[in-house]
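Protein chains in written order, with our numbering: chain A, 1 to 295; chain B, 296 to 609. Each residue gets a CB set at the ideal place from its N, CA and C atoms; glycine is no exception.
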């Protein structure tokens with residue numbers, strides 16, 4: 001065969017691969033949004049879920065998803081950022097740094113269901129938290145920590161060395177340089193990474209099945225005392241999140257409108273994940289142009 | 296107001312104070328920062344060790360406390376850990392199912408992913424990147440339950456209509472998991488292809504080679520170890536994927552006889568049974584042993600990736 005012909009065939013195969021990938025995404029989003037948006041209305045978003053009748057909503061699941069997300073971020077962002085600072089600034093080549101790098105690698109490659117099993121064993125059983133928001137958030141912290149560590153390390157390493165040296169040359173100490181020069185300069189990168197990871201945490205379900213539980217009490221949105229069992233703020237109650245809800249209605253649901261609930265919930269989930277994705281891009285871009293002065 | 300003016304004043308005075316640290320507060324600050332950072336670094340090690348230790352000890356309980364035979368557990372074909380009659384604990388069908396899904400998904404995702412990566416890096420360098428990068432990011436961001444839901448409502452019915460089976464099958468799992476690992480394989484492959492020095496490409500083009508000849512004879516061999524890493528990382532993700540697989544694979548406890556047959560994986564059995572078994576019972580302990588296999592396999596995948604990348608340096 002002529003080598004030009006082969007070349008053209010090969011090129012079209014590669015183009016086809018890319019087209020398949022883009023088409024898959026368009027199909028997925030189109031399918032979820034066309035099937036799901038029709039189900040979303042105010043009563044779907046604002047009513048309690050039902051266990052066997054039609055017409056259940058997702059109010060509590062949506063709240064739980066956000067509550068667990070916020071709590072996970074409160075735990076994992078400081079720990080992850082400090083861990084990333086260690087790897088970028090304080091680590092010396094050697095055994096300990098190797099062990100930490102391997103640990104981050106192990107943590108990030110653990111299947112989320114294994115993280116969930118660890119949460120069940122340690123937080124739910126040994127610590128005795130039971131199926132609770134806090135156990136779920138701790139499990140998701142394990143899941144999210146390596147992501148934040150990596151993002152922070154990369155962002156700090158990409159700060160020009162001149163900036164750090166200028167600060168050190170002024171007699172400013174190392175930690176103070178980290179705090180006032182490196183972290184602010186790396187902030188856009190860290191923030192973008194954190195928002196993207198928030199999207200991942202928001203949609204995670206396998207790690208929550210055995211830690212935050214498969215059920216949620218009907219919350220009373222007038223009671224904001226965190227110690228009340230039906231208070232939305234109570235961190236020790238079991239909490240089914242939106243993504244767990246999708247899984248549960250599909251595998252155990254006996255309501256007549258399982259498919260409608262699942263489609264509606266999936267659309268809500270996808271919309272939030274898209275919002276996280278978009279805002280990460282927009283915020284990252286805005287801060288970048290502000291800092292670098294480029295338009 | 297007075298508060299904010301104070302902080303600006305102290306900020307302005309800081310460099311001065313830093314140099315002439317009379318009261319040692321700078322040293323203390325420095326130490327505090329160091330302690331914080333080291334504490335978090337150690338916490339990462341502790342978390343990894345804790346996960347490994349706790350899950351290993353718990354996973355070994357069924358063999359130590361309940362006298363389950365390890366060999367029979369791994370090679371046995373029949374799984375009936377509760378109910379009437381003789382209990383047998385053969386997990387081979389699930390181990391087989393997990394590996395089958397992993398390899399089938401890689402078979403699906405590797406050519407597509409590497410092909411798309413070549414498109415991004417060699418064919419449409421500028422706009423290919425601009426279009427595919429967000430596509431990859433959004434595909435990664437779609438939660439696994441949503442993939443499972445689409446598999447359940449779209450792919451399973453299609454397979455049901457075109458085969459003798461019920462639709463829930465290895466094939467459905469392969470497609471769902473294949474699409475899920477596609478963005479991972481693509482983005483890591485693209486990074487690998489981008490890092491190939493352009494000198495060797497230019498040399499190939501300079502000799503009059505076509506683009507395909509350059510890709511096939513120069514770029515792919517040079518990038519092979521990194522592309523293998525991309526595929527193995529995707530496989531590691533496929534092996535541990537739980538909910539999406541569980542929703543489409545049918546969770547039959549027998550060995551699948553064909554690709555359109557129902558099957559089960561380690562993750563799908565754990566997902567299904569963990570909530571229905573009593574903590575501490577033999578059945579429950581066996582689920583932790585299945586979890587131990589998952590844990591061991593994620594270490595194995597890391598070792599494979601290390602081996603591949605150590606070959607790259609030679």
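Determine, for residue 255 (chain A), whether the minimum Cβ-Cβ distance to residues of chain B falls below 8 Å.
By this cut-off, residue 255 (chain A) is not an interface position.
In angstroms, rounded to a whole number, what distance separates the CA positions of residue 289 (chain A) and residue 429 (chain B)?
Approximately 20 Å, taken between the alpha carbons.
Cα-Cα separation, residue 200 (chain A) to residue 502 (chain B):
Each residue's Cα considered, the two are about 47 Å apart.
List the endpoints of the continuous alpha helix (DSSP H) containing residue 67 (chain A).
59-85 is the span of the alpha helix (DSSP H), which, as asked, contains residue 67 (chain A).
Cβ of residue 356 (chain B) less than 8 Å from any chain A Cβ?
Taking CB atoms only, residue 356 (chain B) has no neighbour in chain A less than 8 Å away.
Short Cβ contact (8 Å threshold) for residue 139 (chain A) with residue 211 (chain A):
Yes. Within cutoff.
N- and C-terminal bounds of the alpha helix (DSSP H) containing residue 12 (chain A)
First-last of the alpha helix (DSSP H) with residue 12 (chain A): 3-37.
Can you tell me where the alpha helix (DSSP H) holding residue 511 (chain B) begins and where it ends?
Under the DSSP assignment, residue 511 (chain B) falls outside any alpha helix (DSSP H); it carries neither an H nor an E label.
Local conformation of residue 591 (chain B) per DSSP, three classes:
Of the three classes helix, strand and coil, the one that applies to residue 591 (chain B) here is helix, per DSSP.
In angstroms with no decimal places, state the Cα-to-Cα distance between residue 441 (chain B) and residue 322 (chain B).
Whole-angstrom Cα-Cα distance: 52 Å.
Classify residue 419 (chain B) as helix, strand or coil using the three-state DSSP reduction.
Correct three-state label for residue 419 (chain B): coil.
Compute the beta-carbon to beta-carbon distance between residue 390 (chain B) and residue 561 (chain B), rounded to the nearest angstrom, for a pair I have assumed lies under 8 Å.
Rounded, the Cβ-Cβ distance is 7 Å, consistent with contact.
Rounded to the nearest angstrom, what separates residue 175 (chain A) and residue 580 (chain B) at their Cα positions?
Answer to the nearest angstrom: the Cα atoms are 48 Å apart.
Burial state of residue 187 (chain A) (16 or more Cβ within 10 Å):
Exposed is the call here.
Who are the near neighbours of residue 302 (chain B) in its chain, counting only those whose CB is closer than 7 Å to its CB and skipping five residues on each side?
Reliability of the predicted coordinates at residue 302 (chain B) is poor, the pLDDT of 45 falling under 50, and no value is obtained from them.
Taking just the CA atoms, how far does residue 518 (chain B) sit from residue 6 (chain A)?
Rounded to the nearest whole angstrom, the CA to CA distance from residue 6 (chain A) to residue 518 (chain B) is 21 Å.
Residue 535 (chain B) by DSSP, collapsed to three states: which one?
In the structure shown, residue 535 (chain B) adopts helical secondary structure according to DSSP, grouped into three states.
Confirm, please, whether the CB-CB distance from residue 589 (chain B) to residue 114 (chain A) is below 8 Å.
Taking 8 Å as the cut-off, the beta carbon of residue 114 (chain A) is found closer than this to the beta carbon of residue 589 (chain B).
If you run the structure through DSSP and keep just helix, strand and coil, what is residue 42 (chain A)?
In the structure shown, residue 42 (chain A) sits in a helix (DSSP, three-state: H, G or I).
Given residue 40 (chain A), which residues of its chain have a CB within under 7 Å of its CB, disregarding the five upstream and five downstream residues?
So the qualifying residues of the chain are 264, 267 and 268.
Just curious, the alpha helix (DSSP H) that residue 178 (chain A) is in, first and last residue?
From DSSP, residue 178 (chain A) is part of no alpha helix (DSSP H); its letter is neither H nor E.
Going by DSSP, what residues sit across from residue 558 (chain B) in a beta bridge?
In DSSP, residue 558 (chain B) forms a bridge with B:545.
Same chain only: Cβ atoms within 6 Å of residue 273 (chain B), ignoring 5 sequence neighbours per side:
Since the first residue shown for chain B is 296 and the last is 609, residue 273 (chain B) is missing from the structure and cannot be characterised.
Any Cβ of chain D within less than 8 Å of the Cβ of residue 446 (chain B)?
As a matter of chain content, chain D is missing from the structure shown, whose protein chains are A and B.
Run down chain A in chain order and give the residues with a C-beta less than 8 Å from the C-beta of residue 500 (chain B).
Under the 8 Å cutoff, chain A gives no residues; its nearest Cβ is about 12 Å from residue 500 (chain B).
Consult DSSP for residue 131 (chain A) and reduce its assignment to one of helix, strand or coil.
Look at residue 131 (chain A) here: in three-state DSSP terms it is coil, with no helix or strand label.
Tell me the rounded alpha-carbon separation between residue 449 (chain B) and residue 48 (chain A).
Put simply, the backbone Cα of residue 449 (chain B) is about 28 Å away from that of residue 48 (chain A).
Less than 8 Å between CB atoms is the rule here; does residue 71 (chain A) satisfy it with respect to chain B?
No, because no Cβ of chain B sits closer than 8 Å to the Cβ of residue 71 (chain A).
Contact residues within the stretch 319-343 of chain B, judged by C-beta distance below 7 Å to chain A
Flagged, chain order: 321, 324, 325, 328, 329, 331, 332, 333, 335, 336, 338, 339, 340, 342 and 343.
Hey, is residue 437 (chain B)'s beta-carbon within less than 8 Å of any beta-carbon in chain A?
Chain A contact via Cβ: present.
Look at the Cβ atom of residue 431 (chain B), then the Cβ atom of residue 522 (chain B), and state whether they are nearer than 8 Å.
In terms of Cβ geometry, residue 431 (chain B) and residue 522 (chain B) do not form a close pair [threshold 8 Å].
At what residue ranges does the stretch 338-389 of chain B contain a whole run of the alpha helix (DSSP H), taking only runs of 4 or more?
Whole alpha helix (DSSP H) segments, 4+ residues: 365-370.
Should residue 243 (chain A) be labelled buried (16 or more other beta-carbon atoms within 10 Å of its own) or exposed?
Taking every protein chain shown into account, the CB of residue 243 (chain A) has 16 or more other CB atoms within 10 angstroms, so this residue is buried.
Applying the 10 Å Cβ sphere with the 16-neighbour rule, what's the burial state of residue 477 (chain B)?
Buried, by the Cβ-count rule.
Inter-residue Cα distance where the pair is residue 16 (chain A) and residue 466 (chain B):
Each residue's alpha carbon lies about 22 Å from the other.
With a CB to CB cut of under 6 Å and the five nearest residues on each side skipped, what residues in its chain are close to residue 554 (chain B)?
Answer for residue 554 (chain B): 465 and 466, listed in chain order.
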